[in-house]
Every structure is written in structure tokens, then in C-alpha cells.
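When we follow this note's numbering, the leftmost residue of the sequence shown carries the number 1, and every step to the right adds one. For glycine and all other residues, C-beta sits at the position ideal for the given N, C-alpha and C. Quick caveat, the model's predicted, so the values are computed rather than measured. See structure below.
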Amino acid sequence: MANSVTRREVLKGSLATAGLGVLGLPEWALPALAQDETLVPFTDIPEDFKTVPAETVRFLDIRKIDGSPTPPDQFFTTQHYGHPQVDGATFRLKMTGLVDRPKDLSLDELKALGQTDLVAGFECSGNSGRRVQGLASNGRWTGVPLRKVLESVGIQENGLEVVFFGADHGTEEVEFRGRTFEVEQNYGRSISIAKAMSPDPFLAWALDGKPLTVHQGYPLRLIMPGWYGAPNVKWLAKVHVQEDPYLGKFQARWYRTLRGEMIGGEMMWKETAITRMRVKSVIARVTKQGANLNVFGFVLNDGTPLKSVEVRVDDGPWQAATLRPNQSQYAWKLFDFTWGGAAPGEHTLVSRATDIHGNVQPTAEELETKKTFLEDNSQYPRTVLVS
Ligand SMILES: Nc1nc2c(c(=O)[nH]1)N[C@H]1C(S)=C(S)[C@@H](COP(=O)(O)O)O[C@H]1N2
Ligand SMILES: [Mo]
């Protein structure tokens with residue numbers, strides 16, 4: 001653990017005397033603690049971990065999660081081509097392709113089609129322990145159901161997919177049998193017509209009751225409740241209905257999972273697109289109160305109700321954690337676990353979530369047949385130093 005805050009550094013109290021938490025944040029930036037409650041430091045956070053590694057990239061400091069949705073200025077953020085500047089006043093969403101009435105819709109016209117409000121959390125499919133699980137957040141979004149927008153233009157019978165293009169673009173190399181073509185393209189993702197017409201997807205213009213920030217896709221983005229970040233297209237510029245599957249880079253090539261599964265006694269290798277979130281629980285904060293340790297964390301998944309969240313301390317048995325009430329089907333789910341009588345020293349804590357369909361959060365070893373690093377929902381053991 002050469003790369004981590006060492007036990008010695010924590011013990012000698014250098015961080016405490018500087019008044020800084022392990023991520024270099026002042027302690028007051030954390031949710032209010034009870035008077036007799038103190039933060040228990042994690043010893044597994046890489047020393048060089050920064051929550052804001054670049055102007056357009058931000059990780060959430062998951063220790064700051066409380067019961068309310070993530071504030072926009074803390075919401076994690078990342079993208080491929082940087083930030084396009086879009087003027088909300090002159091903005092028009094282009095509706096093109098296999099539709100009866102192609103249209104350019106202003107924000108006001110979209111708002112007149114219907115309004116829905118949903119707390120929905122998501123993580124980047126590349127989120128993992130390497131980023132202290134900070135590529136995840138939970139927002140309250142306001143927007144218009146996608147179905148309403150599609151009904152207003154009418155989908156033609158031969159339409160198969162709806163493709164969403166952002167205003168952001170870049171030059172990409174497209175390889176074909178040893179030849180490479182350089183083409184300019186926009187960020188694009190697609191879903192089936194059936195999914196597009198289902199009640200869930202919506203086009204959001206607000207986060208936390210305010211217009212979207214530039215980071216989150218101002219003025220309009222797609223929200224796919226229960227799905228990973230990549231399909232949630234920001235700076236939405238064009239919605240295009242087509243007869244063929246969309247095979248753009250960020251749909252078919254960049255965001256892919258290669259995984260081996262035993263099916264009918266045979267190993268089957270599958271390459272799949274990044275869609276629904278795999279069930280993942282994360283221990284986000286540990287505090288000490290008297291002789292008890294309060295262990296707190298979150299779960300993200302595809303919206304399937306959970307059967308259980310369990311916590312294991314060191315080599316002990318799995319023990320049930322308590323789930324807080326859901327904010328919505330698609331909000332992240334928060335859990336608490338109380339551990340009585342922790343001896344001073346370093347301990348390992350790990351959690352695992354199980355949904356009602358029997359999907360169990362796997363261990364890292366159980367994920368070994370997943371060869372690509374996306375969709376890493378493995379159990380995330382945390383080390384803490386109890387004083
Ligand atoms: N237009 C556009 N939308 C995009 C992306 C992008 O590069 N361009 N990146 C996607 C990815 S990979 C993620 S994880 C989420 C991040 O959303 P956030 O910045 O609001 O957290 O945006 C998605 N939507
Ligand atoms: Mo992502």
C-alpha cells in the first residue's frame with residue numbers, strides 16, 4: 001500500500017492537525033456529525049487522488065454523501081470532447097430521420113409537451129476503486145418524457161432505433177480492414193424504439209430545480225434511469241430515428257464489455273454495449289460514536305428492488321445492513337450498518353448488495369472472466385484505522 005495514506009501518517013495526526021480530511025478537504029465540508037461522532041480515516045485512498053484532476057472532470061468525494069441529492073457543483077462529471085457552448089435562447093432540438101413531422105423544438109416547446117421530475121443516480125461505466133468510486137452521483141432531474149417528444153413528431157413504421165447526438169464533436173479514426181479513415185463526428189448513442197417509448201427515458205433541462213450546468217449538458221440532456229453514464233447524452237442537439245442499428249464509436253466500439261459466461265456447460269464469450277447498471281454497493285463513510293462504528297454507503301443498480309445489503313468486518317460473517325427509504329426507484333439506495341466494539345487498529349470492511357432477482361454483487365475474483373475494465377461492480381473492500 002505504498003501509494004496510500006500510511007498508517008504512520010494517520011497516527012501521527014498530520015492530517016488532523018492541519019484540519020484537513022484525507023482528500024485534502026476541510027472537515028467542515030463533510031455532512032454534520034453528531035457531537036460525539038468522529039470521522040474514521042480510510043487508509044486506502046491513493047495519496048495522489050484528486051477530486052478535480054482537470055477543469056472539466058470532477059469526482060465526487062463519496063464521504064460527503066448525505067440523504068439529499070448530489071448538489072450540481074459536486075455532481076461528478078466527465079466527457080470525451082470537452083464542453084460545447086450552447087445558447088439556450090436560440091437552442092433548437094432537431095428531430096430527424098424516420099419521423100412523420102421533422103421538427104426543430106425550442107426549450108419552451110419541449111416544456112409545453114410535458115414535465116416530469118425524478119431523482120436518478122448513475123455512475124460512469126469506468127467507475128471503480130481506482131477512482132475511490134467517485135464517478136457516481138445522484139441528481140434530481142426535471143424534463144419531458146422522451147415518449148411525448150417522439151409522439152409529437154410521429155415515428156414511422158420502419159423506425160428501429162433512436163439515435164441521440166450531442167453538440168460536442170471531434171475527429172475520430174474509423175478502421176476498416178487495415179485502412180483508417182479520419183472523420184468528424186458528434187458524440188452519439190442509440191436505444192431501441194421500444195426502450196425510447198417506455199415510460200422511463202426523459203430529456204432533462206434542470207438539475208436540482210435549476211437549469212443544467214454546462215458540465216451536466218446545458219441546455220438539454222438525455223436521462224436513462226437505471227443505466228450507466230455513457231448513454232445519458234449531454235448537450236443533446238439531434239434525435240434521429242433510423243432503420244438500422246447505430247454503430248458509432250461510443251455506441252459500438254469504445255463502450256463495450258467482453259465477458260465470458262458459462263451457458264449450457266460451455267464458455268460463451270459475449271461482447272455487449274454499456275446499458276443497465278450492474279448492482280454495486282460502496283462503503284462511503286465510517287464514523288465512530290462511543291464504542292460504535294457507523295458504516296454508511298450507497299447502492300446503484302438498474303432500478304430492481306434490493307433484497308439485501310450486507311457488511312463484513314475483517315474475516316467475520318456477512319451481517320445485514322439497514323436500507324434507508326428509497327427516494328425513487330432509480331435513486332441510489334443508502335444503507336447503514338452499526339459495528340459495536342471495534343478494537344483499535346486497522347480493519348477491513350466490505351459490503352455486498354443482492355437484488356430480488358438474485359443478482360449478487362460479485363467479488364473481484366468472480367469477475368475475472370470479464371476481460372475489459374468497464375462495468376466493474378466488484379465488491380470494494382475498504383481499510384479504516386480505528387483509534
Ligand atoms: N454529449 C456527450 N454526452 C455524454 C458524454 C460525452 O462525452 N458527450 N459522456 C458520457 C459519459 S461517458 C458519462 S459517464 C456521462 C457523465 O455525465 P455527467 O458529467 O453529468 O456526470 O455523460 C455521458 N454523456
Ligand atoms: Mo462514462
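Per the coordinates, the alpha-carbon of K234 lies some 40 Å from the alpha-carbon of L385. Under DSSP, the beta-bridge partners assigned to H347 are V384.
Secondary structure of R63 (DSSP, three-state): helix. Taking each of T287, P317, K280 in turn and checking the Cα distance to T363, the smallest one comes out for K280. Here the alpha carbons of P317 and F164 stand approximately 46 Å from one another. The residues Q133, L135, A136, in chain order, have a CB closer than 7 Å to that of N127 in the same chain once the five nearest residues on each side in sequence are set aside.
Shown here, I45 sits in coil according to DSSP, grouped into three states, outside any helix or strand. In the DSSP assignment, A321 falls outside any alpha helix (DSSP H), carrying neither H nor E.
Taking every residue with its beta carbon within less than 5 Å of a heavy atom belonging to ligand 2 gives, in chain order, C124, G229, A230. When the Cα atoms are used, R285 and L98 turn out to be separated by approximately 49 Å. With a threshold of 6 Å, the Cβ atom of Q216 counts as near ligand 1, since some heavy atom of the ligand is closer than that.
Short of 6 Å from the beta carbon of L105, and not among the five residues preceding or following it, lie these beta carbons of its own chain, in chain order: L93. For T77, the CB falls within less than 6 Å of some heavy atom of ligand 1.
Look at G170: its beta carbon is at least 6 Å from all of the heavy atoms in ligand 1. DSSP places V286 in the strand class (E or B) of the three-state scheme.
Assignment of R259 by DSSP, reduced to helix, strand and coil, places it in the strand class. Rounded to whole angstroms, the Cβ separation of V86 and P199 is 28 Å, and the two are not in contact under 8 Å. Taken in chain order, the unbroken stretches of alpha helix (DSSP H) that lie wholly in the segment 64–127 and span 4 residues or more are 107–112. Around the beta carbon of E161, 16 or more other beta carbons sit within 10 angstroms, so the residue counts as buried.
The secondary-structure analysis by DSSP pairs M267 across a beta bridge with M262.
Between the segment 238–251 and the segment 295–302 there are fewer than three inter-stretch CB-CB distances shorter than 8 Å, so the stretches are not counted as touching.
Look at R131 here: in three-state DSSP terms it is helix.
Remark: the shortest separation between the CB of H83 and any heavy atom of ligand 1 does not fall under 6 Å.
In terms of side-chain proximity, the C-beta atom of N232 is found nearer than 6 Å to a non-hydrogen atom of ligand 1.
Q319 sits exposed, since fewer than 16 C-beta atoms from the chains shown fall within 10 Å of its C-beta. W227 counts as buried, since at least 16 other C-beta atoms from the protein chains shown sit within 10 angstroms of its C-beta. Among the bridge pairs identified by DSSP, F176 is matched with R179.
Look at F250 here: in three-state DSSP terms it is helix. Taking a cut-off of 8 Å for Cβ pairs, the segment 299–312 and the segment 345–355 touch, as three or more such pairs fall below it.
The residues S106, L107, P219, L220, in chain order, have a CB closer than 8 Å to that of F91 in the same chain once the five nearest residues on each side in sequence are set aside. Going by beta carbons, H80 and V214 fall outside the 7 Å limit. A distance below 8 Å between beta-carbons, with the five flanking residues on each side excluded, links W141 to the following residues of its chain, in chain order: D117, L118, V119, A120, F202, A204, A206, L207, I223. Taking the CA atoms as reference points, E182 sits about 27 Å from C124. Listed as beta-bridge partners of S308 by DSSP are T354.
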